[in-house]
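Here is the structure we will look at, set down as structure tokens.
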Amino acid sequence: MNLSILSEPFFIRALLAGLGVAIVAGPIGCFIVWRRMAYFGETLAHAGLLGVGVGLLFNVSITLGAVVAAILIAFLLLALKRQQQVATDTLLGILSHTALALGIITIGLVTGAVTGHLDILFGDVLTVSRNDVITIWIGALAVLAVIAYLWRDLIAISVHEDLARAEGVNVQWVELVFLITMAAVTAFAMKIVGLLLITALTVIPAAAARRMANSPETMAVWSIIFAGIAAIAGLLMSALYGTIAGPSIVLSASFLFVLTLLKSQRN
Amino acid sequence: MLKINPALISAHSLGLKIGMRNILDDVNISVHDREIVTVIGPNGAGKSTLIKVMLGLVPQTSGHIHKRDDLRVGYVPQRFPVSPNVPLSVRRLLTLTHKANDLELQHTLAETGIAHLIDARVADLSGGELQRALLARALLRTPQLLVLDEPVQAVDFDGELKLYELISNIRKARGCGILMVSHDLHMVMAESDRVICLNGHICCEGAPIAVQKSPEFSKMFGPKAAAMIAGYSHHHDHDHESHEHSHFSDFKPSHGHKH
Chain R
-5 MNLSILSEPF
5 FIRALLAGLG
15 VAIVAGPIGC
25 FIVWRRMAYF
35 GETLAHAGLL
45 GVGVGLLFNV
55 SITLGAVVAA
65 ILIAFLLLAL
75 KRQQQVATDT
85 LLGILSHTAL
95 ALGIITIGLV
105 TGAVTGHLDI
115 LFGDVLTVSR
125 NDVITIWIGA
135 LAVLAVIAYL
145 WRDLIAISVH
155 EDLARAEGVN
165 VQWVELVFLI
175 TMAAVTAFAM
185 KIVGLLLITA
195 LTVIPAAAAR
205 RMANSPETMA
215 VWSIIFAGIA
225 AIAGLLMSAL
235 YGTIAGPSIV
245 LSASFLFVLT
255 LLKSQRN
Chain U
8 MLKINPALIS
18 AHSLGLKIGM
28 RNILDDVNIS
38 VHDREIVTVI
48 GPNGAGKSTL
58 IKVMLGLVPQ
68 TSGHIHKRDD
78 LRVGYVPQRF
88 PVSPNVPLSV
98 RRLLTLTHKA
108 NDLELQHTLA
118 ETGIAHLIDA
128 RVADLSGGEL
138 QRALLARALL
148 RTPQLLVLDE
158 PVQAVDFDGE
168 LKLYELISNI
178 RKARGCGILM
188 VSHDLHMVMA
198 ESDRVICLNG
208 HICCEGAPIA
218 VQKSPEFSKM
228 FGPKAAAMIA
238 GYSHHHDHDH
248 ESHEHSHFSD
258 FKPSHGHKH
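Top line first, the protein sequences correspond to chains R and U.
Letter 259 of the first sequence, counting from 1, is numbered 253 in our numbering, and no numbers are missing.
So the number in our numbering is just where the residue sits in the second sequence, counting from 1, plus 7.
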């Protein structure tokens, strides 16, 4: 086994990028778990794929395309939630997979072959550039700052939306900002674990953290720790055994979750 | 009753229409200091919706609501699903949107009888304990108006009696107005100053005794309603449509019945 790979600059960059995504995946994942929004996150990611396709089509940044598409579909969902014709989860299923299908077709038409873009679906953290790392950390710190600022309100809404509203929390505003941060994280994490596995990277560490925590704050911290460990372990696995990095990170998170099941739940 | 102060909160010709359905129709309601006003009615009568409209959670489609300036409201919602996903202690539940020191928390929890549960997990509370925690949460804001939507749900019979006693004591000790939704007619009749029978519109309203005798009330709660105090059975058969208006005199008839 050749361990010299671990000190290669590309591997260091991958580690830094992975940890940058982990620190936001942790708290975002907690809110996704608390508010039962996993399917919603999945829909944003699939919309991101459509955004990538449109970005390629018009030759603009695919990251920008992904963020914009994710935000647009979030707005669409918020608007459609008010109607009573179709149940929300059915609606999510329709929008999510329509976006996925449209995205794959668009990318296929633009580039000739979708298979050349598997990195968008599964991530390609081992090829991140120095600029990517810097962008990810700036974005991550910005998202963390927003979440810290809205923290109390977000938790109040997660516990009981109507009660929070009755007690003066501006629910619509907080939701809007949270959706935008979710969309942003989707775009950042695209490069690391790929669009198909973003929800996994947010939800699994948070689910593992639940068993360790006795308050929302400790759960968020544990969630960051688990996401970070998963990023490091997944990258090591990838480096040492040649597995694809993104899925390796997610698999590591799943392994951590199974480990926490061994702990008896006291909190 | 002399009303020197204006009402804490009052709604005038309140209406809510969703699509073609009239959820609320021409509802007038007010709550004053030290007054317990209880809204009763069958399932789907719009009781919780009325509460939500009055709290500003759902916008009305007609009518208006007037609140006393800087009115402090304590609200206990009907459904409080405790997600096991969120790790939450009682202490934290009480301070979600309102900062309070330990002494205040202890004091308020003692008032609702669960001071010993301050560090308990919310997910571990029984139905009655959760209602008491939510009540303490509302009281922590020193409300002038308490809004309680089905405060005795998921509570056993003995617990119900104690909770109503607690609510009655809170009114006496704090002098706040209480707007309550309830299905438990027995206790409602004992503790309320005014009862409002709602079924989209106000069917009848007035002092408990008067409301009990009203024909609208027996229509709403079935033929045994007269003997209701002796034993209230959970029959909400409501055959409004088949009945014509009856005459009644000893309570305030509501206007605007549209059958």
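Built from N, CA and C at the ideal position, the CB exists for glycine as well.
Distance between residue j and residue i (C-alpha atoms, nearest Å)
i: R/Ala194; j: U/Asn92; result: 17 Å
i: R/Ala32; j: U/Lys226; result: 47 Å
i: R/Lys257; j: R/Phe251; result: 10 Å
i: U/Ile30; j: U/Gly51; result: 9 Å
i: R/Ser55; j: R/Phe69; result: 21 Å
i: U/Thr149; j: R/Ala201; result: 37 Å
i: R/Val122; j: R/Ile130; result: 10 Å
i: R/Ala95; j: R/Leu71; result: 18 Å
i: U/Gly182; j: R/Trp216; result: 45 Å
i: U/His254; j: U/Pro222; result: Any reading at U/His254 is ruled out, since the residue's pLDDT is 34, under 50, leaving its predicted position unreliable.
i: R/Ala150; j: U/Val83; result: 14 Å
i: U/Glu42; j: U/Ile177; result: 11 Å
i: R/Arg159; j: U/Glu212; result: 30 Å
i: R/Asp156; j: U/Thr115; result: 22 Å
i: R/Leu85; j: R/Gly23; result: 22 Å
i: R/Gly102; j: R/Gly110; result: 9 Å
i: R/Glu169; j: U/Lys220; result: 49 Å
i: R/Ile26; j: U/Ala117; result: 35 Å
i: R/Ala247; j: R/Ala19; result: 12 Å
i: R/Val275; j: U/Lys106; result: A query on residue 275 of chain R cannot be resolved here, the shown segment of chain R reaching from -5 to 261 and no further.
i: R/Ser(-2); j: U/Leu95; result: 46 Å
i: R/Phe172; j: R/Leu51; result: 29 Å
i: R/Ala214; j: U/Lys59; result: 32 Å
i: R/Ile238; j: R/Phe34; result: 26 Å
For residue i, the residue or residues it bridges with in DSSP
i: U/Leu23; result: U/Leu31
i: R/Ala39; result: None, per the DSSP bridge assignment.
i: U/Ser37; result: U/Ser17
i: R/Ser209; result: Note: R/Ser209 sits in no beta bridge, so no partner.
i: U/Gly81; result: U/Leu153
i: U/Val162; result: DSSP output for U/Val162 lists no bridge partner at all.
i: R/His154; result: DSSP, once it has assigned bridges, lists no residue as partnering R/His154.
i: U/Ser69; result: U/Gly22
i: U/Ser96; result: U/Arg128
i: U/Leu186; result: U/Val44 and U/Val154
i: U/Lys74; result: U/Ile16
Sequence-distant residues of the same chain with beta carbon closer than 6 Å to residue i, five excluded per side
i: R/Thr289; result: Since the first residue of chain R shown is -5 and the last is 261, residue 289 of chain R is not available in this structure.
i: U/Gly134; result: Ala161 and Val162
i: R/Gly14; result: Ile130, Trp131 and Ala134
i: U/Met187; result: Thr45 and Leu155
i: R/Gly97; result: Leu43, Leu44 and Gly47
i: U/Leu168; result: none
i: U/Glu157; result: Gln85 and Val188
Proximity winner among the options, relative to residue i (alpha-carbon distances)
i: R/Thr37; options: R/Asp83, R/Ile226 and R/Ala221; result: R/Asp83
i: R/Gln77; options: U/Ala130, U/Lys74, U/Gly26 and U/Leu205; result: U/Gly26
i: R/Val104; options: R/Glu155, R/Arg204 and R/Val46; result: R/Val46
i: U/Ile185; options: U/Thr45, U/Ala18, U/Ser20 and U/Pro13; result: U/Thr45
i: R/Tyr143; options: R/Pro21, R/Met231 and R/Leu245; result: R/Pro21
i: U/Leu147; options: U/Ile47, U/Asn206 and U/Gly81; result: U/Gly81
i: U/His193; options: U/Ile47, U/Asp40, U/Ala14 and U/Leu62; result: U/Ile47
i: U/Leu64; options: R/Ser246, R/Val163 and R/Phe172; result: R/Val163
i: R/Phe220; options: R/Pro241, R/Thr237 and R/Val197; result: R/Val197
i: U/Glu136; options: U/Phe87, U/Lys54, U/Ala217 and U/Ser37; result: U/Phe87
i: U/Asp200; options: U/Ile16, U/His39 and U/Ala143; result: U/His39
i: U/Met61; options: U/Ser96, U/Ser20 and U/Ala180; result: U/Ser20
i: U/Met196; options: U/Leu78, U/His123, U/Ala214 and U/Asp165; result: U/Ala214
i: U/Ile72; options: U/Ala18, U/Leu170 and U/Ala14; result: U/Ala18
i: R/Ile17; options: R/Ala39, R/Ile223, R/Val165 and R/Gly240; result: R/Ile223
Neighbourhood of residue i by C-beta distance below 8 Å, restricted to the same chain and skipping five residues each side
i: U/Arg98; result: Leu112, Ile125 and Asp126
i: U/Gly22; result: Asn29, Leu31, Asp32, Asp33, Val34, Gln67, Thr68, Ser69 and Gly70
i: R/Leu0; result: Leu230 and Ala233
Residues of its chain near residue i, where Cβ-Cβ distance is below 7 Å and the 5 sequence neighbours each way are ignored
i: R/Gly42; result: Ala60, Ala63, Ala64, Thr180, Ala181, Met184 and Leu189
i: R/Arg124; result: Arg7
i: U/Leu100; result: Val129, Ala140 and Arg144
**Asked** At a Cβ cut of 8 Å, what residues of the region 183 to 216 of chain R count as close to chain U, listed as they run along the chain?
**Response** Arg204, Ala207, Asn208, Ser209, Pro210, Thr212 and Met213
**Request:** For the region 70 to 82 of chain U, enumerate the residues whose C-beta is nearer than 8 Å to any C-beta of chain R, in chain order.
**Result:** Val80 and Tyr82
**Request:** Return the residues of the region 19 to 42 of chain R that lie within a Cβ-Cβ distance of less than 7 Å from chain U, sorted by chain order.
**Result:** Val27 and Trp28
**Asked** Relative to chain U, which residues along the region 128 to 144 of chain R have a C-beta separation below 9 Å, given in chain order?
**Response** none
**Prompt:** Any residues in the region 148 to 181 of chain R with a beta carbon nearer than 8 Å to a beta carbon of chain U? Which ones, in chain order?
**Reply:** For the region 148 to 181 of chain R, which is checked against every Cβ of chain U, the residues closer than 8 Å are Ile149, Ala150, Ser152, Val153, His154, Asp156, Leu157, Ala158, Arg159, Ala160, Glu161, Gly162 and Val163.
**Message:** Please list, in chain order, the residues of the region 93 to 109 of chain U that have any C-beta partner in chain R closer than 8 Å.
**Reply:** Val93, Pro94, Leu95, Ser96, Arg99, Leu100, Leu103, Thr104 and His105
**Request:** Report the residues of the region 169 to 192 of chain U with a CB closer than 7 Å to any CB of chain R, ordered along the chain.
**Result:** none
**Asked** For the region 57 to 70 of chain U, which residues have a beta carbon sitting closer than 8 Å to at least one beta carbon of chain R?
**Response** Lys59, Leu62, Gly63 and Leu64
**Prompt:** Going along the region 145 to 167 of chain U in order, which residues come within less than 9 Å of chain R, judged by CB to CB distance?
**Reply:** Arg148 and Val154
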